[in-house]
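Residue numbers (our numbering): 671 to 729. Below is one structure, written out as structure tokens; the observations come after it.
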């Protein structure tokens, strides 16, 4: 359940960041929007990686 909530938060942050960056009038707002979007995407990739088991190969 928590995983689903975090995924929805990541999606919302990504879209919010894109909307902020698209309507930016100054570089600070653009940078903030892009950072929100980057954090949302990174959060979703991290959550996807948590669903798959990690296999370590020994040399």
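Where is the CB? At the ideal position from N, CA and C, for every residue including glycine.
Residue 713 and residue 683 have their C-alpha atoms spaced approximately 10 angstroms apart. Contact between the segment 706-722 and the segment 684-693 is present, with at least three C-beta pairs closer than 8 angstroms. Per the coordinates, the alpha-carbon of residue 702 lies some 15 angstroms from the alpha-carbon of residue 680. The distance from the Cβ of residue 704 to that of residue 692 is about 10 angstroms, inconsistent with a contact at the 8 angstroms cut-off.
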